[in-house]
Amino acid sequence: MLEHTETNDPSRVTEQVTGVILAGGKSSRMGRDKATLEVEGVALFERVLGVFQRIFSDILIAGERPDLARPGVCCHPDIYPGSALGGLYTGLFEADSDWIFVAPCDLPFPDPNLIKALLRLRDGYDVVLPRTGQGLDPLFACYRKSCLEPMRRLLDNRRYRIFDFYDQVRVRYVDEHELPEGWRQALLNVNTPEEFQDLEDLLPKP
Numbered sequence: 041m042l043e044h045t046e047t048n049d050p051s052r053v054t055e056q057v058t059g060v061i062l063a064g065g066k067s068s069r070m071g072r073d074k075a076t077l078e079v080e081g082v083a084l085f086e087r088v089l090g091v092f093q094r095i096f097s098d099i100l101i102a103g104e105r106p107d108l109a110r111p112g113v114c115c116h117p118d119i120y121p122g123s124a125l126g127g128l129y130t131g132l133f134e135a136d137s138d139w140i141f142v143a144p145c146d147l148p149f150p151d152p153n154l155i156k157a158l159l160r161l162r163d164g165y166d167v168v169l170p171r172t173g174q175g176l177d178p179l180f181a182c183y184r185k186s187c188l189e190p191m192r193r194l195l196d197n198r199r200y201r202i203f204d205f206y207d208q209v210r211v212r213y214v215d216e217h218e219l220p221e222g223w224r225q226a227l228l229n230v231n232t233p234e235e236f237q238d239l240e241d242l243l244p245k246p
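Numbers in this note's numbering are just positions in the sequence shown, counted from 1, shifted up by 40.
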């Protein structure tokens with residue numbers, strides 16, 4: 041029987057994990073490129089990248105965004121274009137490590153504590169992701185290389201719902217009571233101009 045353990049050693053939490061930033065979306069509902077929208081003078085992509093650079097030694101961009109690439113952070117066009125699952129597959133395929141942590145490029149408040157909390161639970165599993173009152177969050181999650189084959193089968197059959205391969209792998213759902221304080225804000229993303237405008241209410245007042 042497989043024994044599930046937690047990775048509690050701080051030195052191991054991000055060991056052999058590649059940070060993958062998903063940047064293949066079209067920002068159609070926003071009407072402009074979400075990655076370059078600024079919060080407190082810093083582009084959303086840069087906010088995610090800055091957090092990733094603090095905790096991951098290897099980082100890549102999944103999506104054909106050469107404008108976002110820089111030395112040490114390469115972009116990889118999606119192997120299966122047109123879906124979030126395709127971007128996730130690309131990031132996992134291109135990573136040199138057995139594990140990736142994936143996040144979208146449009147998170148205003150990415151939190152390293154939440155990332156590390158999810159990574160600590162990965163031993164014995166293939167996927168680790170939050171499960172909250174808002175549902176599952178498969179694009180802010182940990183994935184292992186063992187997910188590549190079931191992902192590929194979905195993509196080859198033009199099935200793009202990420203959850204559809206979860207019954208073929210070992211998934212650790214992390215419920216609200218297990219998440220660190222501030223998880224709601226950390227998981228917030230913006231899809232419309234109205235949602236972006238509402239971010240002002242969450243910013244510190246001068």
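Ideal Cβ placement from N, Cα and C applies to all residues, glycine included.
In terms of Cβ geometry, residue 94 and residue 170 do not form a close pair [threshold 9 Å]. Annotation for residue 57: the continuous beta strand (DSSP E) segment containing it runs 57–62. Straight across, the Cα-Cα distance linking residue 167 with residue 181 is about 7 Å.
Beta-bridge pairing by DSSP links residue 113 to 99 and 110.
The DSSP assignment places 139–144, 167–172 and 181–184 as complete runs of the beta strand (DSSP E) inside the region 137–211, in order along the chain (cut-off: 3 residues). Residue state for residue 120 is assigned as coil, using DSSP reduced to three classes. The Cβ-Cβ distance between residue 60 and residue 135 falls below 9 Å. Within the DSSP bridge table, the entry for residue 91 names no partner. Three or more pairs of CB atoms, one per stretch, sit closer than 8 Å, so the region 136–152 contacts the region 176–196. The residues 74, 75, 84, 229 and 230, in chain order, have a CB closer than 7 Å to that of residue 146 in the same chain once the five nearest residues on each side in sequence are set aside. Assignment of residue 135 by DSSP, reduced to helix, strand and coil, places it in the coil class.
The criterion of a C-beta distance shorter than 9 Å is satisfied by residue 202 and residue 179.
Secondary structure at residue 86: helix, using DSSP grouped into helix, strand and coil.
At least 9 Å separates the beta-carbon of residue 122 from that of residue 102. Leaving aside the five residues that flank residue 77 on each side, the residues in its chain whose CB is nearer than 7 Å to its CB run, in chain order, 83, 84 and 236.
For the 9 Å CB-CB criterion, residue 125 and residue 58 do not form a contact.
Non-local beta-carbon contacts of residue 211 in its own chain, meaning distances under 6 Å to residues more than five positions away in sequence, involve 167 in chain order.
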